[in-house]
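Below you'll find the structure, written out as structure tokens, and then a few comments.
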Amino acid sequence: MDADRLPDTDPARLRRLVGERTADLQRVQAEYDNYRKRVRGDRAAVREIAAANVLGTLLPVLDAVERTCAHEPPTPGLADIADTLRTRLGALGLERLGQEGEPFDPGRHEALVHHVAPDAHELTCTKILRSGYRAGPLLLRPAAVEVTGPPPPGKHKAVDARRN
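Under numbering that gives the first Met the number 0, the first residue of the sequence shown is numbered 0, with each subsequent residue one higher.
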């Protein structure tokens, strides 16, 4: 404050100034809180994407280890490598997708073979050809599957029409 200015002693004016400064301070504090939340969310998203990128590059390694374990008797060293790899990737959020018998979901599965079963009511995964994976909400790779289900609607009618 200037030494030449007399302090303002009008109580109504002082209350109004205090109210304005308080509102300004609350607004700045709210903006800062929103900024911190946004930065925290951005950091989490970057961390999630970085983990997904690393996990995606390691999927061929995991596939190779799984194929080796499926086709050869696992030695203690190979079993240890496979278990460690699965554990560490799982700790980073990697989840396997696709199990035999579950309903087909085009958001999680990629149907490579379709077997028709006239008595089926829905498409069902009958064989997992290659596991799919996700990291949190991010789909890294859909599961490649064989499905069994009812005939496609258009093909069933066309077959009946040819028989008549």
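C-beta atoms are modelled at their ideal positions from N, C-alpha and C, and glycine is treated no differently.
Per DSSP, residue i is paired with what?
i      : result
ARG95  : TYR132
VAL38  : Answer is none; VAL38 lacks a bridge partner.
CYS124 : VAL146
LEU138 : ARG133
Can you find the residues in the same chain that come closer than 6 Å, C-beta to C-beta, to residue i, ignoring five residues on each side of it along the sequence?
i      : result
GLU145 : VAL112, THR125 and LYS126
Cβ atoms of residue j and residue i: under 7 Å apart, would you say?
i      : j      : result
PHE103 : LEU122 : yes
GLY164 : GLU19  : With the chain covering 0 to 163 only, the question about residue 164 has no answer from this structure.
LEU88  : ALA142 : no
LEU91  : ALA43  : no
LEU93  : LEU137 : no
Below 8 Å CB to CB, which residues in the same chain sit around residue i once its five sequence neighbours on both sides are set aside?
i     : result
LEU77 : VAL64, THR67, CYS68 and GLU71
GLN98 : CYS124 and ILE127
LEU58 : TYR132, LEU139 and ARG140
Any idea if residue i is buried or exposed, counting beta-carbon neighbours within 10 angstroms, 16 or more meaning buried?
i      : result
HIS120 : exposed
ARG133 : buried
GLY148 : buried
GLY106 : exposed
GLY131 : buried
Does DSSP put residue i in a helix, in a strand, or in coil?
i      : result
LEU84  : helix
PRO151 : coil
GLU145 : strand
VAL107 : It is worth fixing the name first, because residue 107 is Arg in this sequence and not Val. Three-state DSSP puts ARG107 in coil, outside helix and strand.
THR8   : coil
HIS113 : strand
PRO102 : strand
PRO72  : coil
ALA119 : coil
Whose C-beta lies closer than 7 Å to the C-beta of residue i among residues of the same chain, with five residues either side of it excluded?
i      : result
GLN203 : The displayed coordinates of the chain run from 0 to 163. Any statement about residue 203 would go beyond what the structure contains.
ARG162 : The pLDDT assigned to ARG162 is 43, lower than 50, so where the model puts this residue is not dependable; a value taken from the coordinates is nonetheless given after this. No residues qualify anywhere along the chain.
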